[in-house]
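When the letters of the sequence shown are read in order and numbered with numbering that gives the first Met the number 0, they come out as residues 0 to 295. Working notes, beginning with the structure itself.
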Amino acid sequence: MTDGWNVSAKAWIASMGETGDFSRGLVLDTPMMERVSKAQPKAVLDLGGGEGRFCRRLAPHVDHVVGIDPTEGLIAHAKSLGDADYVIAGAEDLPFADHSFDMVVSYLSLIDIPNIPKALSEAHRVLRPNGLLLIANLNPWTTASQSKGTPVKNPDGTTTLTMDRYLDAFPSWAEWSGIRIQNWHRPLSFYMQSLLENGFQLTHFDEPKASGGARAESYNRAPYLHIMEWQKRCSMPHSPPKQFWTRSICRLIQRVLWRKALAPGFTPMCLQLAFRRGSCIFVAPMVLTGGDLKAI
Ligand SMILES: C[S@@+](CC[C@H](N)C(=O)[O-])C[C@H]1O[C@@H](n2cnc3c(N)ncnc32)[C@H](O)[C@@H]1O
Numbered sequence: 000m001t002d003g004w005n006v007s008a009k010a011w012i013a014s015m016g017e018t019g020d021f022s023r024g025l026v027l028d029t030p031m032m033e034r035v036s037k038a039q040p041k042a043v044l045d046l047g048g049g050e051g052r053f054c055r056r057l058a059p060h061v062d063h064v065v066g067i068d069p070t071e072g073l074i075a076h077a078k079s080l081g082d083a084d085y086v087i088a089g090a091e092d093l094p095f096a097d098h099s100f101d102m103v104v105s106y107l108s109l110i111d112i113p114n115i116p117k118a119l120s121e122a123h124r125v126l127r128p129n130g131l132l133l134i135a136n137l138n139p140w141t142t143a144s145q146s147k148g149t150p151v152k153n154p155d156g157t158t159t160l161t162m163d164r165y166l167d168a169f170p171s172w173a174e175w176s177g178i179r180i181q182n183w184h185r186p187l188s189f190y191m192q193s194l195l196e197n198g199f200q201l202t203h204f205d206e207p208k209a210s211g212g213a214r215a216e217s218y219n220r221a222p223y224l225h226i227m228e229w230q231k232r233c234s235m236p237h238s239p240p241k242q243f244w245t246r247s248i249c250r251l252i253q254r255v256l257w258r259k260a261l262a263p264g265f266t267p268m269c270l271q272l273a274f275r276r277g278s279c280i281f282v283a284p285m286v287l288t289g290g291d292l293k294a295i
């Protein structure tokens, strides 16, 4: 965390209000709430929940909502409005037991979190098996333009953004409406690979359209936000694959059959094939012929 967020807390609270800015109020809030309604979680953790606006939106629909954020000024404001529990903490070191939540939300906070692999491993830990990680994020081609200075306004009213170092990961300062904060550019591959490596499986992806007004029309021509939903996989990627167990059981059966000299030519492959087809009809002729089906 940099000082930027602490110094900018007041201006941030004023700029959000209860309806949020354009990205939140007119693009993300509705589809994010739709994902929550679909999953019907009982306990939700909002990572980098800031001043608590989205936690307050969640509260009427979810039994237990917790917002964490390292910025004291934002958490103090969230606590003063209530509706949820708020804790000062960074996403990289969550003060919660394993399997505490049905859903973890990161609403435009990934670009502010310095250590993404650590934060994702923590999100995975506190989620119950099959729990969901719901993410709203800025498209990386937008964050790759941030360090290039102000967008250029063209005579025809359009805006030109200059992008550079897309494949690198680097921090840059952003400044608007009295807010000055440092956040991170990372390429899309960095986020996707970190999520996969931390045991998540993609279950939903969307680039929601903005609704209403000229600004929405302009946004829809060059959108810069996306939503992803990832599920905590039950088995970790390092656990042996299903085939391992099937093969071991087949080997054991073959050894017993071999000892009894019932089917000398009967290989584990034959048995696995029979298992896969899900039919004992295959097994009987194979056992009888010692795996040589041409014999019958
Ligand atoms: C752009 S704001 C988003 C706030 C809120 N989720 C929303 O959508 O309005 C990013 C938030 O990330 C928080 N943040 C910064 N470093 C963080 C970290 N290491 N872990 C979690 N949150 C962090 C900031 O304090 C800030 O509240």
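The beta-carbon is built from N, C-alpha and C at its ideal position, and this holds for glycine as well. Please read all numbers here as calculations on a predicted model, not as lab measurements.
Judging by CA-CA distance, which residue of the options is the nearest neighbour of residue i?
i	options	result
PHE21	ALA209, LEU44 and MET32	ALA209
ARG52	SER36, GLY198, VAL35 and GLY81	GLY81
VAL104	ALA8, ASN114, ALA90 and ALA96	ALA90
HIS76	ARG185, LYS41 and ASN5	ASN5
PRO207	SER193, LEU93 and TYR223	TYR223
THR70	PRO116, LEU187, GLY24 and SER7	SER7
Just checking residue i against ligand 1 - is the residue's beta carbon closer than 8 Å to any of the ligand's heavy atoms?
i	result
GLU17	no
PHE53	yes
TRP172	no
THR70	yes
TRP11	yes
SER193	no
Which residue or residues does DSSP assign as beta-bridge partners of residue i?
i	result
ASN138	BP columns for ASN138 are empty, so no partner.
PRO170	TRP183
GLY66	ASP45 and TYR85
LYS231	PHE199
LEU126	PHE100
ILE178	TRP175
HIS225	ASN136
LEU194	Looking at the DSSP assignment, LEU194 forms no beta bridge with any residue, so it has no partner.
What is the DSSP secondary structure of residue i, counted as helix, strand or coil?
i	result
HIS76	helix
ASN5	helix
LYS208	coil
THR29	helix
ASP155	coil
TYR335	Because residue 335 is not part of the residues shown, which for the chain are 0 to 295, the question remains open.
ASP20	coil
TYR106	strand
HIS98	coil
LEU272	Bear in mind that the predicted position of LEU272 carries a pLDDT of just 48, short of 50, making it unreliable; the figure below should be weighed with that in mind. It is helical.
LEU93	coil
LEU160	coil
For a test of your reading of the model: does the CB of residue i fall under 8 Å from any non-hydrogen atom of ligand 2? Yes or no.
i	result
ALA209	Ligand 2 is not part of the structure shown, which contains ligand 1 as its ligands.
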